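Chains as they are written, first to last, in the working numbering: chain D, 1 to 245; chain S, 246 to 490. The beta-carbon is built from N, C-alpha and C at its ideal position, and this holds for glycine as well. Here the structure is a predicted model, which is why all the values come from computation and not from measurement.
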């Protein structure tokens, strides 16, 4: 990996920006806790501001140490705006369950979310950009980039890579059963948790696949029925091991 | 429903703010397309700005006509900020598949996303607030609010409801196989789509449930193995039917 930063401390600094205010007992500033939530996802939401208007854009992202990357074509409104470097917030959320309580007020959801703050910048350095173009493939599908039709100069030019160092971050997790008021437990209504999970399905082969091409090894990660967050977390571990090997 | 607005037109207006710029062939401004993506989700991400800093907050939301609602305690930083009414962007995304192409450049994801723009305001009107407090339960669990321990004045006071009229919106969808360059189809590497879906698991009953309480009818919606987006879409349909009955 191009920019494998070694964190100075185990936790992110806590400032007015990332301090968890609502239900703060669910919050954490631990780097490992934040990374675990990030690494279990392919999709994030990036918030940025243009002329006072907030935008919230879903995009594929990946992590290299304390750097987060995402990209798109040079045409993107968000990316054009980010060219100068702009404050951004990148959030990842996993929904784990619906919590049905005895009082409307205590209905909730089980979830894991990580909110990261930093300055998003276009990656101009050719080596970092080339690494990132490989990274977006290999982070999800370890070893795959070397098996592909090689990247062309034209494609590198048409790709804008955005990078953001995680300056501050927080994780927030709810992972428990119903929390009703003590006096409400006698109320005769069903209460409990309906768990939800995102799972991998059966691969759909491209109908124009060259004869005799075998399914790649990475299918051992993305087994049908496996949870996606588990598969993505394992892919990140393999990617990191291979980078440091 | 308190504020069932009847849209004047089938489509949202297209402005510089919501026009889909990147891969615009995937975009749509159709109200029904936007609503379908919103109604299939419990979770959204709201972007807002404080002192130039963008924040991206995951939260439970629900839709009533052209109004979107979400809420939290009065302590929330976001909600305090929104008190005066502030431009916001609310985005919902569903990840449907990982797309593995023959060139790194053509790797992608299948997804459905909706981005909504408007001014977020605290709902002060007592009737609209009361309706919203019922709505957040009944929209997900039709008919459930009347079976619960009644809402207290204290709870109404401690709940802040935020509402945003959808002034502009766009939907963006990718739902197809691999799109490689014509000259790359002969490259001998596996290509295809790994579909993913979020499914409902077996309900986990609260250990303090009153003896003899039966599972509610709504479990016919949230059947184990059912996709969450289907269950949530059906719940919204029932909720809307009951509101107009």
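- The contact set of residue 115 (chain D) on chain S, defined by CB atoms closer than 9 Å, consists of 300, 301, 302 and 303 in chain order.
- Relative to the Cα of residue 438 (chain S), the nearest Cα in the group D:12, D:202 and D:187 belongs to D:202.
- Residue pairing by DSSP puts residue 449 (chain S) in a beta bridge opposite D:193.
- Where residue 418 (chain S) is concerned, the enclosing beta strand (DSSP E) starts and stops at 413-419.
- Think of a sphere of 9 Å around the beta carbon of residue 284 (chain S): no beta carbon from chain D falls inside it, the nearest being about 15 Å out.
- Under a criterion of Cβ atoms nearer than 9 Å, no residue of chain D is adjacent to residue 427 (chain S); the nearest Cβ is some 10 Å distant.
- Among the CB atoms of chain S, one or more fall inside 7 Å of the CB of residue 155 (chain D).
- Residue 216 (chain D) carries a coil assignment under DSSP once its states are collapsed to helix, strand and coil.
- Judged by DSSP in its simplified three-state form, residue 298 (chain S) adopts strand.
- Using a Cβ distance threshold of 7 Å, residue 299 (chain S) and residue 47 (chain D) count as a contacting pair.
- Interface with chain S (7 Å Cβ-Cβ cutoff): residue 87 (chain D) is included.
- Under the 10 Å beta carbon count, residue 85 (chain D) is surrounded by fewer than 16 other beta carbons and is classified as exposed.
- For a Cβ distance threshold of 7 Å, residue set 210 and 213 of chain D lies close to residue 433 (chain S), ordered along the chain.
- Straight through space, the alpha carbons of residue 404 (chain S) and residue 290 (chain S) are spaced by roughly 19 Å.
- Among the residues of the stretch 12-35 of chain D, those with a Cβ less than 8 Å away from any Cβ of chain S are 17, 21, 22 and 23, in the order of the chain.
- Not a single CB atom of chain S sits nearer than 7 Å to the CB of residue 239 (chain D).
- For residue 394 (chain S), the neighbours in chain D by C-beta distance under 7 Å run, in chain order, 102, 103, 184 and 187.
- Around residue 63 (chain D), the same chain offers 38 as residues with beta carbons nearer than 6 Å, after the five sequence neighbours per side are excluded.
- The Cβ of residue 161 (chain D) sits no closer than 7 Å to any Cβ of chain S.
- Segment contact: the stretch 415-430 of chain S against the stretch 347-367 of chain S, three or more CB-CB distances shorter than 8 Å; contact assigned.
- Per DSSP, the unbroken beta strand (DSSP E) holding residue 410 (chain S) starts and ends at 404-410.
- Inclusion of residue 348 (chain S) and residue 429 (chain S) in the CB contact set at 7 Å is warranted, their separation being smaller than that value.
- In this structure, DSSP gives residue 80 (chain D) a helical state, which the three-state scheme calls helix.
- Put simply, of S:296, S:464, S:343 and S:339 the residue whose alpha carbon is nearest the alpha carbon of residue 232 (chain D) is S:343.
- Bounds of any alpha helix (DSSP H) do not take in residue 150 (chain D), whose DSSP letter is neither H nor E.
- If you ignore the 5 residues before and after residue 100 (chain D), its C-beta comes within less than 8 Å of the C-beta of 107, 178, 190, 191, 192, 193 and 194, all in its own chain and listed in chain order.
- By the Cβ rule, the stretch 86-95 of chain D counts as touching the stretch 116-125 of chain D, because three or more pairs are nearer than 8 Å.
- In this structure, residue 287 (chain S) keeps its C-beta atom at 7 Å or more from the C-beta atom of residue 303 (chain S).
- Counting C-beta pairs closer than 8 Å gives fewer than three between the stretch 393-404 of chain S and the stretch 462-477 of chain S, which falls short of the contact rule.
- Under the three-state reduction of DSSP output, residue 332 (chain S) falls in the strand class.
- Judged by beta-carbon spacing, residue 415 (chain S) lies within the 7 Å limit of residue 265 (chain S), meaning their Cβ atoms are closer than that value.
- Residue 306 (chain S) is bridged by DSSP to S:315.
- Per DSSP, the unbroken beta strand (DSSP E) holding residue 363 (chain S) starts and ends at 353-367.
- Contacts with chain S at 7 Å (Cβ-Cβ) do not include residue 99 (chain D).
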